[in-house]
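Number of protein chains: 2
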Amino acid sequence: MARVYNFSPGPAMLPVEVMEQARDEMLDWRGTGMSVMEMSHRGKQFMSIAEQAEADFRELLAISDDYKVLFLQGGAASQFAMAPMNLLRGKKEADYLCTGHWSKKAIDEGRKFCKVNVVASTEKTGFKTIPPQRDWNLNPQAAYFHYTPNETIAGVEFHWIPKMGEIPLVVDMSSTLLSRPVDVSCFGAIYAGAQKNIGCAGLTIVIVRRDLMGQTLEGTPTMFNYQVQADNDSMYNTPPTYAWYISGLVFSWLKKKGGLAAMAQINRTKADTLYNFIDSSSFYHNPVEPASRSWMNIPFTLSDPSLDERFLEQAKKSSLTNLKGHRSVGGMRASIYNAMPQKGIDTLVEFMKEFERTQA
Amino acid sequence: MARVYNFSPGPAMLPVEVMEQARDEMLDWRGTGMSVMEMSHRGKQFMSIAEQAEADFRELLAISDDYKVLFLQGGAASQFAMAPMNLLRGKKEADYLCTGHWSKKAIDEGRKFCKVNVVASTEKTGFKTIPPQRDWNLNPQAAYFHYTPNETIAGVEFHWIPKMGEIPLVVDMSSTLLSRPVDVSCFGAIYAGAQKNIGCAGLTIVIVRRDLMGQTLEGTPTMFNYQVQADNDSMYNTPPTYAWYISGLVFSWLKKKGGLAAMAQINRTKADTLYNFIDSSSFYHNPVEPASRSWMNIPFTLSDPSLDERFLEQAKKSSLTNLKGHRSVGGMRASIYNAMPQKGIDTLVEFMKEFERTQA
């Protein structure tokens, strides 16, 4: 079968060039007679892979030396605990904003470790917007302010960065990191699971301001201690070496594509193409307030939900897969991370037009 | 370059057949038009991969339904914390045996969560033996008894299972699980990082008796809660899908090789070949008491340590790599997990003979 356009919210599409290189190097990485999977993480071959990946990642995001980059395991769900365990720094309270499913998960986990103040929540109105900062009930004693710049289920996204003065911003960028430039210096800590824009599942990247580390909550498992991971360059134990390597191939691919400014243009055009079509149609509908719409995850409904199954079946026949929306929203969702080409969007829009026409 | 015999202690060699299959399926898994890396973990394709892997793993080890099998992240180092966090069950004390580097790591981490009683330690005599159970100072109040059946650095291994009555055995089998049959019903919990005999780094398997779960220590991160992971079939969040898939390919390979009884014969013969040669030589030396010698990790020294560097250089020219011993032991170490063929051992022994002859 030919390759499909896979709109899965994550794990998600990877660049074909990355997988071709991984395939070609599978049994013998650059004449070593070994797969990357077989390399000791402390050997010079893997160390070179790891260091190059970090260097490219730092270059892509222009990360200053004030920040440590960690290559960890456990997904963003582990960071929901690691963030408070490491970043409360003797304080007892933290501010959280609730704009969707993943914000809520972070809040629930945060409550295990501190007094969580939810500064605002859009849950009652169905997570269709980002509330303005002037309406937030901020706590000046908060150790940090946590939010989720993009919510993959509701498809709502920040297109601005909150201003919190001295209170560090801690963010779950799982679904947006590397999709466009971001001013890392605005943040105390950024974390992201890899399975959207970074690489394959099993790797979690944390960018953390060095001065915020080192005051870990008592009872924190050693593996959850940012300072220990930093002191060991993410090799306190065996890291997820193959996932680290794949992320390095993605970073190299991103540099060849022109870096994150180029990706921002590509991603913005992709999203605009789909939103413009949806907005021009009375058959399809996106529920999110235009200023808060996600570039990465675009939910849409059909005017007649009884056609949902047929839509999905016919889409699959056109090599457009994993378009089913999350059960909490219903309808469809197109997740269109870096590896989804404009061609995939164009094919989807053509299919949607044709589907609408044949149902009319 | 041709494939090498890689004696790395882990990450380590993988079966060539496994990597060939992974390579061939990289861009298109069974006509889906997707890589396994790109699949949603909740989609039916990945679910079938995950379920088949678990079924094969259970079959290989004849695991009864009294046990849950978890496919997690974080390595054995995370289990050093997860074991006490989940298995103290309201008790405050646990027994640990210290037979090497990894036992010590587990003990240090265990001390964060309970009163650790070290029942015996062979540290003062350099970790060269397994002390007999009659000499252990056991605590009848212990919530569990923890030990490390194989120590990869010292090369000491249990060839028997302690008898503890009602006190559950909790074991770090990272370096031996799947290398031979094991009676799982003797254990309360078995955990293992994948990067020796199971698959690639980034996956950790836990086999845990169902009745021991559910009394997790307060303050345990959700991701560290065995019960939560069990209730969600290891998909509380996105699991390390590609590493899970690779382990499934390894399980399938093991079944084709004849299962674990066949692997035990192969592994025993491999170890005997190398030990018999070392013992027949006055040029090479293994420091471990014969009854406690590891089948998996065989450290050996040269009678003249000034030849170490030359040995390693010449070995590498003969496609024998990663033989350098751990700095705490010195000399050499041959790690010979399931994927190391008998031919690799024979080649090593021939090389060692020739090296000795040319130095004499």
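Top line first, the protein sequences correspond to chains A and B.
Sequential numbering of the first sequence, starting at 1, is according to full-length UniProt numbering.
Sequential numbering of the second sequence, starting at 1, is according to full-length UniProt numbering.
We put the CB at the ideal spot given by N, CA and C, even for glycine.
Inset, instruction - Please name the residue, chosen from B/Gln-21, B/Thr-32 and B/Glu-54, that lies closest to B/Ser-234 on a Cα-to-Cα basis. - result: B/Glu-54
Legend entry - Residues that A/Thr-125 contacts on chain B, provided the C-beta gap is smaller than 9 Å: Per Cβ cutoff of 9 Å: no residues; A/Thr-125 is ~27 Å from chain B at best.
Inset, instruction - Could you say if the segment 327-340 of chain B and the segment 1-18 of chain B meet the contact criterion of at least three C-beta pairs nearer than 8 Å? - result: yes
Inset, instruction - Starting from B/His-41, find everything on chain A with Cβ-Cβ shorter than 8 Å and list it in chain order. - result: Pro-11 and Ala-201
Inset, instruction - Grab me the residues of B/Ala-261's own chain with a C-beta within less than 7 Å of its C-beta, minus the 5 sequence neighbours each way, in chain order. - result: Pro-181
Legend entry - chain B contact residues for A/Tyr-242, given Cβ-Cβ distances below 9 Å: Pro-11, Cys-200, Ala-201, Gly-202, Tyr-242, Ala-243 and Ile-246
Inset, instruction - Please state whether DSSP places B/Tyr-242 in a helix, a strand or coil. - result: helix
Legend entry - Under 8 Å by beta carbon: chain B residues contacting A/Thr-238: Gly-10, Pro-11, Gly-75, Gly-193, Gln-195 and Ala-201
Inset, instruction - Kindly list, in the order they appear in chain A, the residues whose Cβ is closer than 7 Å to that of B/Asn-6. - result: Met-34 and Glu-38
Inset, instruction - Using a Cβ cut-off of 7 Å (strictly closer), state whether B/Leu-87 contacts chain A. - result: no
Inset, instruction - Flag A/Thr-222 as yes if its beta-carbon sits less than 7 Å from any beta-carbon of chain B, otherwise no. - result: yes
Inset, instruction - Using only alpha-carbon positions, find the residue among A/Leu-302, A/Ala-83 and A/Ala-192 that is nearest to A/Lys-112. - result: A/Ala-83
Inset, instruction - Following the continuous beta strand (DSSP E) through A/Tyr-96, name the residue where it begins and the one where it ends. - result: 93-98
Inset, instruction - Indicate whether at least one CB of chain A lies closer than 7 Å to the CB of B/Leu-14. - result: yes
Inset, instruction - Please report how far the alpha carbon of B/Thr-347 lies from the alpha carbon of B/Glu-38, in whole angstroms. - result: 40 Å
Legend entry - Contacts of A/Gly-219 in chain B (Cβ-Cβ under 7 Å): Lys-112 and Gly-219
Legend entry - Those runs of the alpha helix (DSSP H) which lie wholly inside the segment 287-340 of chain A and span at least 4 residues: 308-317
Legend entry - Contact with chain A by B/Glu-151, beta-carbon distance below 7 Å: no
Legend entry - Contact set between the segment 305-322 of chain B and chain A, restricted to residues whose Cβ is under 9 Å from the partner: Ser-319, Thr-321 and Asn-322
Legend entry - Straight-line gap, B/Leu-27 to B/Trp-253 (C-alpha atoms, nearest Å): 21 Å
Inset, instruction - Over the uninterrupted alpha helix (DSSP H) stretch that includes B/Arg-23, give me the two end residues. - result: 16-24
Inset, instruction - Check the DSSP bridge columns for B/Phe-145 and list the partner residues they point to. - result: B/Asp-95 and B/Leu-169
Legend entry - A/Pro-140 to B/Phe-127 span [Cα, whole Å]: 54 Å
Inset, instruction - Return the Cβ separation of A/Leu-178 and A/Asn-150 in integer angstroms, given the expectation that the two are a contact with Cβ distance under 8 Å. - result: No, A/Leu-178 and A/Asn-150 are not in contact; Cβ-Cβ is about 12 Å, not under 8 Å.
Legend entry - Close beta carbons around A/Lys-68, own chain, < 6 Å, minus the five adjacent residues each side: Val-208, Arg-210 and Ala-230
Inset, instruction - Indicate the three-state DSSP secondary structure (helix, strand or coil) for A/Glu-218 in the structure shown. - result: coil
Inset, instruction - Using a cut-off of 9 Å between C-beta atoms, extract the partners of A/Ala-291 located in chain B. - result: Within chain B, no residue comes near A/Ala-291; the closest Cβ sits about 29 Å away, beyond 9 Å.
Legend entry - Own chain partners of B/Cys-186 with C-beta closer than 7 Å, once the 5 adjacent residues on each side are dropped: Ile-161 and Leu-169
Inset, instruction - Measuring only between beta-carbons, confirm whether B/Ser-252 sits less than 7 Å from chain A. - result: no
Inset, instruction - Could you tell me which residues DSSP pairs with B/Arg-209 in its beta bridges? - result: B/Tyr-67
Inset, instruction - Could you check how far apart the C-beta atoms of A/Gly-33 and B/Asn-322 are, in whole angstroms? I think they sit under 8 Å. - result: A/Gly-33 to B/Asn-322, Cβ: 11 Å. No contact.
Inset, instruction - For the alpha helix (DSSP H) containing A/Ala-192, list its first residue and its last residue. - result: Not the alpha helix (DSSP H): A/Ala-192 falls in the beta strand (DSSP E), residues 189-193.
Inset, instruction - Starting from the Cα of B/Leu-274, find the closest Cα among B/Cys-200, B/Val-349, B/Ile-190 and B/Ser-303 and give me that residue. - result: B/Val-349
Inset, instruction - Mind reading off the beta-carbon distance from B/Ala-120 to B/Trp-136? Whole number of angstroms is fine, and I expect it under 8 Å. - result: 5 Å
Legend entry - Boundaries (first-last residue) of the alpha helix (DSSP H) holding A/Asn-117: Careful: A/Asn-117 lies outside any alpha helix (DSSP H), inside the beta strand (DSSP E) at 115-121.
Inset, instruction - Find out if the Cβ-Cβ distance for the pair A/Tyr-96, A/Val-118 is shorter than 7 Å. - result: yes
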